[in-house]
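For the numbering used here, count along the sequence shown from 1 and bump the result up by 7.
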Amino acid sequence: MQSTARPLMRIAQVAPLYESVPPKLYGGTERVVSYLTEELVHQGHRVTLFASGDSRTSAELVPAWPRALRLDPGRPEPIALHVVMLERVFKRAAEFDVLHFHCDGLHMSLAQRSRSPCLTTLHGRLDIPGLDALYAQFKDLPLVSISHAQRQPLGWANWAGTVHHGLPLTLHRPTYAPGKYLAFLGRVAAEKGVDRAIEIARRVGLPLKIAAKVDRADWDYFRQTIEPLLAGPDIEFVGEISEREKTAFLGDALALLFPIDWPEPFGLAMIEALACGTPVIAFRRGSVPEVIDDGVTGFIVDDLDAAVQAVAPARGLDRRRCRETFERRFSASRMAQQYCDIYETLASSGESWCQQSA
8 MQSTARPLMR IAQVAPLYES VPPKLYGGTE RVVSYLTEEL VHQGHRVTLF
58 ASGDSRTSAE LVPAWPRALR LDPGRPEPIA LHVVMLERVF KRAAEFDVLH
108 FHCDGLHMSL AQRSRSPCLT TLHGRLDIPG LDALYAQFKD LPLVSISHAQ
158 RQPLGWANWA GTVHHGLPLT LHRPTYAPGK YLAFLGRVAA EKGVDRAIEI
208 ARRVGLPLKI AAKVDRADWD YFRQTIEPLL AGPDIEFVGE ISEREKTAFL
258 GDALALLFPI DWPEPFGLAM IEALACGTPV IAFRRGSVPE VIDDGVTGFI
308 VDDLDAAVQA VAPARGLDRR RCRETFERRF SASRMAQQYC DIYETLASSG
358 ESWCQQSA
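Below, the structure written as C-alpha cells:
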C-alpha cells in the first residue's frame, strides 16, 4: 500500500551476509536493513533484497549463501561470498533506480563504474586508520551517516545526509510502570562497558540483567574480565536474546544502562528501550546526545559517579514521554521517508551521475 503521493521506485537493498535479515539473535545492521526494506515494500516500492538465504522478507530475496555466515557451522570465507554477492548485484544494476549498500566499502570500485545510482550507508565507526584513504579514493560516491557524530572523522566526505535508525511502531509494546532491575543489552566488548554496568548496579543495590552476545574475538575478554564479575547475587547473564524477548526484557527494567567507552555510531539498543517506555542512562560518547533527551528520556552522564546518581531519578521519568519520543523521532516510516528523499535526489540526477561514473 502506497502511503504517500511520491513516485514509486525500484530499489536494491544490499545487506551484509554475517546475519540473516532480520537476525535471529544479535545484529544491528541487518536488523535496520530489515525494517527499512519492509517499510519500503509497505509504501509500495519494488524492493529486491540481496542477503543470506535464511532471511525473511516481503521483498524479492536474492540469496548469496544459504544461511547467515556467523551461524554457519562450516565457517565459510566471508569476503569471497560478499564478492560473489556484489557481482550478482551489479549484473542486475540496470533493473533498479537506486542501489543501496550496507556492507562497508567492498562494493565501491564497482559502484564507481556503475551507470545506476549507488548509495552507501555506513554503519560502523569511521576513526579507524585506512578508512580515510578508502573514502578519499571514492570521494564521488554518496554516503549516509547514521548520526552526525559518526561522520566527524570524515567530515569532508560526500555526505548525502544523516538518517537515524528507526523501528516499526508495532515492534515493541511499552510498559509504563518502572521495573525493579537495570538492563544491559548488546555485545560483550571492552568498549561497550559491561563491567561499568555491573559496577553501577552493585553501587545502587539493584539487580542487573545482561542480554549480550559474545563474539569469538571477545571470548578471552569475557572469560578473563567479565565472567569473574558475574559471581554473586543480583547479576544475571542472560546471553543473546531474540527480538521477541526484548519487549519484556527492556519493558520490565527500571532503566537501560548504556555505559559505552567508544564513539558509538548510533546505538540501536537506546531506541529499543525508548520503544518499550524505558529510560536510558548513557555515557556522553558518539551519538548519545543525538538520541537521548537529557532529563526527559534518560540521563547523559560523564562518569561512573554520575551514572550511579542518575539511577534514582530515572525512576521518576515519564515513561510515556519515552514512548512518545520514540514514535515521533525513531519510527521505521520516518527512516524510510528520509531515505526516499535521498533516493529521489540520486535518481533525478542520473544523467550527471552517469557522466561522473563513466
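Idealized CB from N, CA, C, for every residue including glycine.
Item to check | C-alpha gap between Asp227 and Phe145, whole angstroms | outcome: 37 angstroms
Checklist entry - Hey, how far is the Cα of Ile288 from the Cα of Glu279? => result 13 angstroms
Item to check | Simplified DSSP state of Ala22, which is helix, strand or coil | outcome: coil
Item to check | Beta-carbon proximity check, Gly173 vs Pro272, cutoff 8 angstroms | outcome: no
Checklist entry - Within this structure, are the beta carbons of Ser453 and Leu176 separated by less than 8 angstroms? => result With the chain covering 8 to 365 only, the question about residue 453 has no answer from this structure.
Next on the checklist: Do Leu47 and Val40 count as a contact pair if the criterion is CB distance below 8 angstroms?
Outcome noted: no
Checklist entry - Taking all protein chains shown into account, do 16 or more other C-beta atoms lie within 10 angstroms of the C-beta of Gln231, making it buried, or fewer, making it exposed? => result exposed
Next on the checklist: Judging by CA-CA distance, which residue of Ala260, Asp312 and Ala314 is the nearest neighbour of Thr182?
Outcome noted: Ala260
Checklist entry - Hey, quick one: how far does the alpha helix (DSSP H) through Pro73 stretch, first residue to last? => result No alpha helix (DSSP H) contains Pro73, which DSSP labels as neither H nor E.
Next on the checklist: Here's the rule: buried if 16 or more other CB atoms are within 10 angstroms of the residue's CB, otherwise exposed. What is Pro240?
Outcome noted: exposed
Checklist entry - Taking buried to mean at least 16 other C-beta atoms within 10 Å of its own C-beta, is Gly323 buried or exposed? => result exposed
Item to check | Euclidean distance between Cα positions of Leu88 and Trp72 | outcome: 7 angstroms
Checklist entry - Given Glu297, which residues of its chain have a CB within under 8 angstroms of its CB, disregarding the five upstream and five downstream residues? => result Ser154, His155, Ala156 and His171
Item to check | Same chain, Cβ closer than 8 angstroms to Leu213, neighbours up to 5 away in sequence not counted | outcome: Lys187, Tyr188, Leu189, Asp241, Leu261 and Val318
Checklist entry - For Ile86, does the count of other Cβ atoms within 10 angstroms reach 16, so buried, or fall short, so exposed? => result exposed
Item to check | Nearest-angstrom beta carbon gap, Asp268 and Arg291 [assumed within contact, 8 angstroms] | outcome: Contact flag wrong, Cβ pair sits at about 11 angstroms.
Checklist entry - Taking the C-alpha atoms as reference points, what is the distance between Leu120 and Phe57? => result Correcting the residue identity first, residue 120 is Arg in this sequence and not Leu. Going from the Cα of Arg120 to the Cα of Phe57 covers about 20 angstroms.
Item to check | Contact belief for Leu148 with Asn165 at Cβ below 8 angstroms, rounded distance in angstroms | outcome: 6 angstroms
Next on the checklist: Restricting to Cα atoms, I'd like to know which of Ser356, Ile349 and Leu106 is closest to Gly168.
Outcome noted: Ile349
Checklist entry - Name the DSSP beta bridge partners of Ile217, please? => result Phe191 and Phe244
Item to check | Through-space distance from Ser123 to Glu247, alpha-carbon basis | outcome: 39 angstroms
Checklist entry - Does DSSP put Ser10 in a helix, a strand or coil? => result Low local confidence applies: a pLDDT of 46 at Ser10 is under 50, so the model's placement there is unreliable, and no value is given.
Checklist entry - Helix or strand or just coil, what does DSSP make of Trp163? => result coil
Checklist entry - Using the beta-carbon count (16 or more within 10 Å), is Gln50 buried or exposed? => result buried
Next on the checklist: So the candidates are Arg74, Pro80, Val69 and Arg77; which of them puts its Cα closest to the Cα of Leu93?
Outcome noted: Val69
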